[in-house]
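K.L.:
Per our numbering, residue 56 is the first one in the sequence shown, and the count goes up by one each step.
Before I ask anything, let me first share the structure, which is written out below as structure tokens.
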Amino acid sequence: MPSDRPLVTIRDLEIEGLAGEDWLPIVNGIDLDLDRGEVLGLIGESGAGKSTVGLAAMGFTRDGCRIAGGSIEFDGIDLVAASEEARRSLLGRRIAYVAQSAAASFNPAHKLIDQHTEGPVLHGVSSQQESQEDAMALYARLRLPEPESIGFRYPHQVSGGQLQRAMTAMAMSCRPDLIIFDEPTTALDVTT
């Protein structure tokens, strides 16, 4: 039975960054609700804290940062109070993250499809074969060229925009409740 509560609730979020020996505010007083199926975009200048808020929505911070106040709930789970193990157990299956740099997120020694199938198999969502078939369907849905074969290429054999879409397909592969995109259009060009 679907819940009436928002999928994500952030209240009075404060994040600080370490500068020398001092903790300085980076994000101050963010409030937001995100319902299931809703799309939410954060807009701001470079360095305004958009990526920092995106990571915090998963209960994580960058090195040298900390959540100094406020609350973050994902489907009723207090991510600020949750252990790192509890937060990590949500990643991939319930929460997915698409990094700004897809190229840095892929292992260059493994084919795209092998990296795509790892999550669904690990989380018990599908078998290796089912996951490969799903990958090809997602590649087609995301308009990657030659969806039946592009997954059998290595990351260096596809364009940055194609990698970004392959990363999006990976994020979608376990059918998570929440996908966080960090500047998803950065690597895209006119054709990709």
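Glycine is no exception: its CB is placed at the ideal position from the N, C-alpha and C atoms.
Note that the structure is a prediction, hence the values are computed from the model and not measured.
(1) If you count every other CB in all the chains shown that lies within 10 Å of the CB of P163, and 16 or more means buried, which is it?
(2) Which residues in the same chain as I98 place their Cβ atom closer than 8 angstroms to its Cβ, once the five residues preceding and following it in sequence are excluded?
(3) Hey, how far is the Cα of A45 from the Cα of I205?
(4) What is the DSSP secondary structure of F40, reduced to helix, strand or coil?
(5) What is the DSSP secondary structure of G248, reduced to helix, strand or coil?
(6) Sort V63, D90, Q217, S101 by Cα distance to I249 and report the nearest one.
(7) For Q170, tell me which candidate among S228, G109, S138 has the shortest Cα-Cα distance.
(8) Would you be able to state if there are at least three C-beta pairs under 8 angstroms between the segment 126-144 and the segment 59-75?
(9) Which word fits F207, buried or exposed, when buried means at least 16 other C-beta atoms lie within 10 angstroms of its C-beta?
(10) Measure the CB-CB distance between G114 and L134 and report whether it falls below 7 angstroms.
(11) Could you compute how far the alpha carbon of E203 sits from the alpha carbon of M191?
(12) By alpha-carbon positions, which one of I168, R196, R149, S160 ends up nearest to G179?
(13) Could you check the C-alpha separation between P210 and T223 for me, to the nearest Å?
(14) State the DSSP-derived secondary structure class of A159, mapped to helix, strand or coil.
(15) Considering Cα atoms alone, identify which of I168, G147, I122 is closest to E185.
(16) Please report how far the alpha carbon of L193 lies from the alpha carbon of P200, in whole angstroms.
(17) Nearest to Q217 by CA position, among A157, I70, D90, is which residue?
P.N.:
In terms of the structure at hand:
(1) Exposed: under 16 other Cβ atoms inside 10 Å.
(2) Taking I98 as the centre and dropping the five residues before and after it, the same chain places the C-beta of K105 closer than 8 angstroms to its C-beta, in chain order.
(3) This structure cannot speak to residue 45, because the chain is shown only from 56 to 247.
(4) What the structure shows of the chain is the stretch from 56 to 247, and residue 40 is not part of that stretch, so it cannot be assessed.
(5) Nothing can be reported for residue 248: it is not among the residues displayed for the chain, which extend from 56 to 247.
(6) Limits of the chain in this structure are 56 at one end and 247 at the other, which puts residue 249 out of reach.
(7) Nearest to Q170 by alpha-carbon distance, out of S228, G109, S138, is S228.
(8) With contact defined as three or more Cβ pairs closer than 8 angstroms, the segment 59-75 and the segment 126-144 are in contact.
(9) F207 should be labelled exposed.
(10) Cβ distance < 7 angstroms, so G114 and L134 count as in contact.
(11) In a straight line, the C-alpha of E203 is about 5 angstroms away from that of M191.
(12) Ranking the options by Cα distance to G179, first place goes to R149.
(13) Those two C-alpha atoms are separated by around 14 angstroms.
(14) Three-state result, A159: helix.
(15) Among I168, G147, I122, the Cα nearest to that of E185 is on I168.
(16) Rounded to the nearest angstrom, the gap between the Cα atoms of L193 and P200 is 12 angstroms.
(17) It is A157 whose Cα lies nearest to the Cα of Q217.
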